[in-house]
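Residue 1 is where the sequence shown starts when you use my numbering, and the numbers rise one by one after that.
All residues carry an ideal CB built from backbone N, CA and C; glycine is no exception.
Encoded as structure tokens, the structure appears first; notes follow it.
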Amino acid sequence: MSAMKELVEYMAKALVNDPDAVVVREIEGASATIFELSVAPDDMGRVIGKQGRVANAMRTLLRVAAVKEGKRVTLEIV
Numbered sequence: 001m002s003a004m005k006e007l008v009e010y011m012a013k014a015l016v017n018d019p020d021a022v023v024v025r026e027i028e029g030a031s032a033t034i035f036e037l038s039v040a041p042d043d044m045g046r047v048i049g050k051q052g053r054v055a056n057a058m059r060t061l062l063r064v065a066a067v068k069e070g071k072r073v074t075l076e077i078v
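Here it is as structure tokens:
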């Protein structure tokens with residue numbers, strides 16, 4: 001498991017009420033890596049946050065980690 005995938009999983013599990021429902025899929029693309037995060041329906045609001053602030057903060061942290069490794073990443077919440 002990649003360090004960035006572990007980072008997404010760690011952040012999500014810290015936010016939700018049902019950490020067992022957190023699933024992170026890593027999709028390698030030609031120019032970037034996409035991380036798909038899915039959580040229990042009841043926890044969706046916790047991960048997204050008011051006006052998407054929590055989701056944007058997670059994306060920013062992930063982007064910083066990716067820049068250090070010289071990669072491009074995207075976080076999608078499905």
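Residue i, buried or exposed, once every other Cβ within 10 Å from all chains shown has been counted against 16
i: residue 33; result: buried
i: residue 12; result: buried
i: residue 67; result: exposed
i: residue 115; result: This structure leaves residue 115 out entirely; the chain is present only between 1 and 78.
Residue from the options with nearest C-alpha to residue i
i: residue 4; options: 15, 28, 21; result: 28
i: residue 74; options: 10, 25, 14; result: 25
i: residue 106; options: 7, 51, 50; result: With the chain covering only 1 through 78, there is no way to say anything about residue 106.
i: residue 58; options: 18, 70, 42, 37; result: 37
i: residue 55; options: 72, 44, 64; result: 44
Boundaries of the beta strand (DSSP E) in which residue i is found, first to last residue
i: residue 23; result: 23 to 28
Where the alpha helix (DSSP H) through residue i begins and ends
i: residue 64; result: 53 to 69
i: residue 73; result: Looking at the DSSP string, residue 73 is not in any alpha helix (DSSP H); the run it does join, the beta strand (DSSP E), is 73 to 77.
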